[in-house]
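Peer 1: Could you have a look at this structure, given as structure tokens, before my questions?
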Amino acid sequence: MPTAVEHPVFSRVYKMVSSWQDAVGGKTHRKKMLSGLEGRVIEVGSGPGMNFAHYPTAVTSVVAIEPEAHMRKMSSEAARQAPVPVELREGAADSLPADDASFDAGVSSFVMCSVPDSSAALSEMFRVIRPGGELRFYEHVRAFHAPLDTLQDLANLWWPKVGGGCNCNRDTLAAIQAAGFQVQECRRFYFLPCPLVAPVAPLILGRALRP
Ligand SMILES: C[S@@+](CC[C@H](N)C(=O)[O-])C[C@H]1O[C@@H](n2cnc3c(N)ncnc32)[C@H](O)[C@@H]1O
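This is the structure we're talking about:
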């Protein structure tokens with residue numbers, strides 16, 4: 006059974022906030038994350054489907070996994086407008102409904118902050134991506150500099166309660182490497198379109214090889 010995830014209010018607010026973030030620069034980041042992909046792709050935690058419009062047409066299919074009902078509904082609507090076929094599946098990142106080595110690539114954007122166990126989720130991505138395939142990631146992470154990391158630890162006392170379970174202080178790059186992926190390219194940068202999102206301003210954007 007998929008893990009139950011219910012965030013009816015957050016899912017609606019997130020669509021508005023992320024649409025605005027995409028309009029002021031996020032869209033360029035998403036396009037960069039997905040550029041050059043081809044073949045079969047699995048995307049975890051697709052949310053409102055903000056990536057779908059940006060998949061290159063060399064991608065033959067996308068399987069999108071989303072556990073939250075309203076997010077999944079928005080993903081389904083976005084899938085209808087996508088330039089590539091997108092199939093929605095209910096499921097959770099720590100137990101992907103997919104066979105071993107059945108995808109050429111995996112995509113994770115702003116998800117490893119929200120899953121209960123990012124190590125388990127990344128191990129699952131490692132399992133379903135074929136050897137020689139890639140993980141593409143665009144995630145907010147633990148700050149690269151003190152004292153911002155300490156401030157994130159403080160903010161994280163309440164951030165998950167308003168952010169649909171999102172943790173603002175995870176070292177996701179280290180978790181990607183610990184899962185066995187070899188990072189090929191990673192840009193670390195701050196993206197701060199508004200002070201309210203300061204706890205999630207440190208981002209990583211890149212690709213990692215599944216050896
Ligand atoms: C902040 S949103 C990001 C949505 C989208 N990936 C994006 O780039 O805008 C986090 C997403 O992760 C999903 N999520 C939460 N727990 C999850 C889990 N255990 N497995 C998979 N997805 C999960 C949420 O439902 C939500 O859609």
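Residue numbers for the sequence shown follow the working numbering, beginning at 6 and rising by one. Glycine residues also receive a C-beta, built at the ideal position from the N, C-alpha and C atoms.
1) Considering Cα atoms alone, identify which of Y19, L208, Q182 is closest to P216.
2) Just verifying my parser: in three-state terms, what is the DSSP assignment at G52?
3) Using the C-alpha atoms, what's the distance from H12 back to L101?
4) Rounded to the nearest angstrom, how far is the Cβ of N56 from that of V116, given a contact under 8 Å?
5) Could you tell me if the beta carbon of S23 falls within a distance shorter than 6 Å of some heavy atom in ligand 1?
6) Exposed or buried, what is H59 when buried is set at 16 or more other beta-carbons lying within 10 Å of its beta-carbon?
7) Could you check whether the stretch 166 to 177 touches the stretch 142 to 149, counting it as contact only if at least three pairs of C-beta atoms, one from each stretch, sit closer than 8 Å?
8) Going by the beta-carbon positions, is the gap between A98 and V120 smaller than 7 Å?
Peer 2: Put simply:
1) Q182
2) coil
3) 20 Å
4) About 11 Å; that fails the 8 Å criterion.
5) yes
6) buried
7) yes
8) yes
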